[in-house]
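Take a look at the structure below.
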Amino acid sequence: MNTIVTVDLDRPGATINKHLYGHFAEHLGRCIYDGFWVGEDSPVPNIGGIRLDVVEALRALNIPNLRWPGGCFADRYHWTNGIGPRAERPGLINTQWGGVAEDNSFGTPEFMALCELLGADAYISGNIGSGTVQEMADWVEYLTGAGKSPMADLRRSHGREQPWTVAFWGLGNETWGCGGNMRAGAYADLARQFGTFCQSGSDTPLHRVAAGADGADTAWTKTLMEVIPEIGAHPFSSVPWESVSVHYYTIGGSWHAKGSATEFDEASYWSTIVAAQGIEGLLRSHADVMDVYDPEKKYGMVLDEWGTWWEVEPGTHPGFLFQQNTIRDAMVAAWHFDVFHGFADRLTMANIAQTVNVLQAMLLTDPDGGAMVRTPTYHVFEMNKGHQDATVLPTTIAGPTHSVDGREIPVASASASTKDGQVLVSLTNVDLDTPLRIDLAFRGGTVADATGRLLTADRPDAHNRPGAADVVSPVVFDDFEVTPTGLSVTLPPHSFATLTFRTDTA
Ligand code: AHR
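In the numbering used here, the protein residues as written are 58 to 563.
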């Protein structure tokens, strides 16, 4: 049975916010220290202590934003310990992740320098769980204060005259759990209070993100959304956030037995695909709640943590969440992006967890030799980057299924967008063994000059590592023929492809 993919060129949809391709860097394991930050005296090439190879690799993704300092760490982080001369900064024990000592050498100025090097917007998660309203307000003022004020002057005394631009501000993280074990109503009250005092000191307003639900807990989202009519009806008040977040991890096994990133059987592969496909229902359930209170879609849904979560690599610190990354992870990422594009009118940001050396990373750095490798997931982000800020094109798909525990699940996924006279189509075949014959048809216009790229490998557990850094990397894809309505494409098993066309239509 051929798979039929149809792209409507004449029915442009919403803009795919570039921030759907966002990132996340926490003080967790070797993400910050060793991942982004090596210090100025390191033999690893760096600019002011920040790894050059990591910066270059992420710039090639057009990385739109970076979330920091957590995660669970955020509600334990006191920003004043990470400013000023590094030699004078107090140390800290990272009680959340491994109980290890940190010297605070990577703090606010280093994070903002990193964002500037990356050309990425800063997304800072403030501390609601163990911080005060004043502490958070001071942090905002230190960063963004343009005029003369105590915190802006403190920044100036540290050598930074101009304020930084901070695009996004998180009001705590997972406040139902590690961020304070709060009930929804208690958190909503705190978020109202903290958000009210988070005001940018310069012309660029802060986009505040209220910490959202644990997975499918739509009651949490409802509690936050109920604030909109309540405060919105008041003549002198405004809702103290612009978006509501949610987190969703793909766990192929169970929470207590997540399974290996690289050694897996067919059953584990398929249970992972089922879990990844769960993202669609999850986003739908929260979007439905948001639609009730915000039918005009003025408020954004932000998936500020997503990705695969496996057991740590053997021999690594259990609290560091270091995992390898295979073709299977690439399938998960590719599927997520197709779903994200379908929610482009509501989903305004997504941040994969995490960028370097933690969970579903883009980049892995070697603790010994310092070598860096790009993961299969990195390549999905790179191949898909043309979707950033493009206009979504409605795409329908009808194709084969695979039976998992008596349930038929789809094996093919697709999405399409247009920008600057080009159409970009993404195609994924998660089937383990069977190639997919795809009839790709365009309606409402014409396309020409197809070029393709393909990401796959002989085995679904293929991955990159130091010394074998390009086992999985994109190649030219030309296994397609032009048909009267589009293309006839053959997609290998467990593969991801992008096709680019010129169009005069869309
Ligand atoms: O990404 C790892 C952790 O997962 C984050 O710190 C937390 O927010 C989530 O539970």
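Quick reminder that beta carbons are idealized off the backbone N, C-alpha and C, glycines included.
Quick caveat: nothing in here was measured; it's all calculated off a predicted structure.
What do you reckon, are the CB atoms on Gln417 and Thr434 nearer than 8 Å?
-> When the beta-carbon positions are compared, Gln417 and Thr434 come within less than 8 Å of each other.
Grab the span of the beta strand (DSSP E) containing Trp226 for me, first residue to last.
-> Segment Phe225 to Leu228, the beta strand (DSSP E) holding Trp226.
Do Val223 and Ile181 have their C-beta atoms closer together than 8 Å?
-> The beta carbons of Val223 and Ile181 sit closer together than 8 Å.
Confirm the yes/no value for this check: CB of Asn138, any heavy atom of the ligand AHR, distance under 7 Å.
-> Because no heavy atom of the ligand AHR lies under 7 Å away, the Cβ of Asn138 does not count as near it: no.
Is the closest heavy atom of the ligand AHR to the C-beta of Glu323 under 7 Å?
-> No, since every heavy atom of the ligand AHR falls outside the 7 Å radius drawn around the Cβ of Glu323.
Mind listing, in chain order, the continuous beta strand (DSSP E) runs of no fewer than 3 residues lying wholly within the region 381 to 462?
-> Inside the region 381 to 462, DSSP marks whole beta strand (DSSP E) runs of 3 or more residues at positions 404 to 410, 420 to 422, 429 to 431, 448 to 450, 452 to 455 and 458 to 461, from first to last along the chain.
Would you decide whether Val533 is buried or exposed? Buried here means 16 or more other CB atoms lie within 10 Å of its CB.
-> With fewer than 16 neighbouring CB atoms inside 10 Å of its own CB, Val533 falls in the exposed class.
Return the chain-ordered ranges of every beta strand (DSSP E) run that is complete within the region 249 to 323 and spans a minimum of 3 residues.
-> Segments of the beta strand (DSSP E) lying fully in the region 249 to 323: 264 to 271 and 300 to 307.
Inter-residue CB distance, Leu378 and Val415 (contact presumed, cutoff 8 Å) = At roughly 5 Å, the Cβ-Cβ gap stays under 8 Å, so Leu378 and Val415 are in contact.
Are the beta-carbon atoms of Ser495 and Leu548 separated by less than 8 Å?
-> The sequence given here places Ile at residue 495; Ser does not occur at that position. Yes.
Which residues in the same chain as Gly546 place their Cβ atom closer than 6 Å to its Cβ, once the five residues preceding and following it in sequence are excluded?
-> In the sequence as displayed, the identity of residue 546 is Val instead of Gly. Cβ neighbours of Val546 within its own chain (closer than 6 Å, five residues either side excluded): Ile495, Leu497 and Phe537.
Can you check the region 103 to 189 for any alpha helix (DSSP H) of at least 4 residues that lies completely inside it and give the ranges in chain order?
-> Entirely contained in the region 103 to 189, the alpha helix (DSSP H) runs reaching 4 residues are, in chain order, 109 to 116 and 165 to 175.
Got a sec: does the ligand AHR put a non-hydrogen atom nearer than 7 Å to the Cβ of Glu83?
-> Under cutoff, so the answer is yes.
Does the ligand AHR have even one heavy atom less than 7 Å from the beta-carbon of His304?
-> Yes, the ligand AHR has a heavy atom inside 7 Å of this Cβ.
Give the secondary structure of Val64 by DSSP, where H, G and I count as helix, E and B as strand, and everything else as coil.
-> In the structure shown, the three-state DSSP call for Val64 is strand.
Mind checking whether the beta-carbon of Gln411 lies closer than 7 Å to any heavy atom of the ligand AHR?
-> Answer for Gln411: yes, Cβ within range of the ligand AHR.
Return yes when at least one heavy atom of the ligand AHR lies under 7 Å from the C-beta of Asn408, else no.
-> No.
In its own chain, which residues sit with a C-beta less than 7 Å from the C-beta of Glu299, not counting the 5 before and 5 after it?
-> Result list for Glu299: His264, Arg265, Tyr356 and Gly357, in chain order.
Say whether chain B places a C-beta atom closer than 8 Å to the C-beta of Arg559.
-> Looking for chain B here will not work: only one protein chain is present.
How far does the alpha helix (DSSP H) with Ser214 in it reach, from first residue to last?
-> Where Ser214 is concerned, the enclosing alpha helix (DSSP H) stretches over Pro207 to Ser214.
Top-ranked residue by Cα proximity to His313, from Gly269, Ile288, Val369 and Ala344 | Comparing Cα-Cα distances from His313 to each of Gly269, Ile288, Val369 and Ala344, the minimum goes to Val369.
Nonlocal neighbours in the same chain, by C-beta distance under 8 Å from Val413, ignoring five residues either side = Non-local C-beta neighbours of Val413 in its own chain, meaning closer than 8 Å and more than five positions away in sequence, comprise Ala82, Arg87, Cys88, Gly92, Phe93, Val111, Met419, Leu420, Leu421 and Thr422, ordered along the chain.
DSSP three-state call for Lys476: helix, strand or coil?
-> Residue state, collapsed to three classes: strand.
Who are the Cβ neighbours of Gln381 in its own chain at under 7 Å, not counting the five residues just before and after it?
-> Here Gln381 has Ala318, Thr319, Glu370 and His520 as same chain residues with Cβ atoms under 7 Å from its own Cβ, once five neighbours each way along the sequence are excluded.
From the DSSP output, in three-state form, read off Val349 for me.
-> If DSSP states are grouped into helix, strand and coil, Val349 belongs with the helices.
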